[in-house]
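Chemist: Read left to right, the sequence shown gives residues 56 to 217 (the numbering used here). For every residue, glycine included, the Cβ atom is placed at its ideal position computed from N, Cα and C.
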Amino acid sequence: RCRFARFEFQLCIIGVHVFVYQCFTRSHTEQLLALQVGPPAHDEAYQLIMCLAWWAAVVSQAEMDLRYQMLMLHTNIFAWVGLGIYFRTPNSTNGFFLKLTVSYYCIVGVLIELNRRAEQRRCEMLFLQHRLEQQVDQERRLAMDEREATLEKVSPAEQAAR
C-alpha cells in the first residue's frame, strides 16, 4: 500500500480538480466570465448527476485510501455550496438546492461505505488465500517428508531381500 501512496495523492488532486470543475453550472460560468447571464437553466441536478457518475468511476476503479475519498467528497461539497452561495443559485431560495446537496452527500457517502466494505472483503479474501497457500505448502512438505521416511525404510528391506 505504501508504494501507491504518491499515486493515490496525485489521483486525489486530479479528482478534486474534476469535482470542483463539475460544480460550475452554466449560470456560475456566465457570471464568473462576466458574460450576459441567460435565463436560468436549473442545471444543478444535472451537474450533481455528473458528479455522481464521476464518483462511481472513482469508487469502482481507483481503490483509493478512504482518507483521500473523504477529502475529495468534502472539498466537492464545500465548493458546491460555496459557489451556490457566492453566485446566488436561483434554486437556493426554495430549498431545492439544499435537498440536492444533502441527497448528493448521502448517496456519495453510501458509495464510499460500499467501497470500504468491498476493500475489507478483498483484504479478507487475500488473507485467506495466503493462509490456504501456506497450509498447502505445509501439507506438501509433510507429504514429502513422509515419502522420504518411507523410502528410507523400504531401501534397507529391499537390500536385505537381495
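Quick check on DSSP: helix, strand or coil for residue 189?
Modeler: On the sequence shown, position 134 is the one that residue 189 refers to. In this structure, residue 189 counts as helix in the three-state DSSP scheme.
Chemist: Beta carbon of residue 166, beta carbon of residue 110: below 7 angstroms?
Modeler: Along the sequence shown, one-based indexing puts residue 166 at 111. Along the sequence shown, one-based indexing puts residue 110 at 55. The answer is yes: Cβ separation under 7 angstroms.
Chemist: Hey, would you say residue 138 sits closer than 7 angstroms to residue 83, going by beta carbons?
Modeler: Here residue 138 is taken as the residue at index 83 of the sequence shown, counted from 1. Here residue 83 is taken as the residue at index 28 of the sequence shown, counted from 1. Result yes, Cβ atoms of residue 138 and residue 83 sit closer than 7 angstroms.
Chemist: Output needed for residue 92: all residues of its chain with C-beta closer than 8 angstroms, excluding positions within five of it in sequence on either side, in chain order.
Modeler: Locating residue 92 in the sequence shown gives position 37, where the first residue counts as 1. The residues are 82, 85, 86.
Chemist: Considering just the uninterrupted stretch of the alpha helix (DSSP H) at residue 83, what are its terminal residues?
Modeler: Locating residue 83 in the sequence shown gives position 28, counting from the first residue. Taken as a continuous stretch (DSSP letters only), the alpha helix (DSSP H) holding residue 83 covers 81-87.
Chemist: With DSSP collapsed to three states, give me the class of residue 139.
Modeler: On the sequence shown, residue 139 is found 84 positions in, with the first residue counted as 1. Helix at residue 139.
Chemist: Between residue 130 and residue 75, how many whole angstroms is the CB-CB distance? I'm expecting something under 8 angstroms.
Modeler: For the purposes of this step, residue 130 is identified with residue 75 of the sequence shown, where counting begins at 1. For the purposes of this step, residue 75 is identified with residue 20 of the sequence shown, where counting begins at 1. That belief holds up - the Cβ atoms of residue 130 and residue 75 are roughly 7 angstroms apart, short of 8 angstroms.
Chemist: So, for residue 186: in the same chain, excluding its five sequence neighbours on each side, which residues have a beta-carbon less than 8 angstroms away from its beta-carbon?
Modeler: On the sequence shown, residue 186 is found 131 positions in, with the first residue counted as 1. Nothing listed; no residue qualifies.
Chemist: Are residue 124 and residue 102 touching if we call contact CB-CB under 7 angstroms?
Modeler: Translated into positions along the sequence shown, residue 124 becomes position 69. Translated into positions along the sequence shown, residue 102 becomes position 47. No, these two residues do not count as a Cβ contact at 7 angstroms.
Chemist: What is the rounded straight-line gap between the Cα of residue 171 and the Cα of residue 115?
Modeler: Here residue 171 corresponds to residue number 116 of the sequence shown, with the count starting at 1. Here residue 115 corresponds to residue number 60 of the sequence shown, with the count starting at 1. Rounded to the nearest angstrom, the two C-alpha atoms are 11 angstroms apart.
Chemist: So which of 142, 195, 163 has the shortest CA-CA distance to residue 105?
Modeler: Within the sequence shown, the letter at position 50 stands for residue 105. For residue 105, the nearest C-alpha among the options comes from 163.
Chemist: Tell me the rounded alpha-carbon separation between residue 79 and residue 62.
Modeler: As a working note, residue 79 is residue 24 in the sequence shown. As a working note, residue 62 is residue 7 in the sequence shown. Going by the C-alpha atoms only, they are around 27 angstroms apart.
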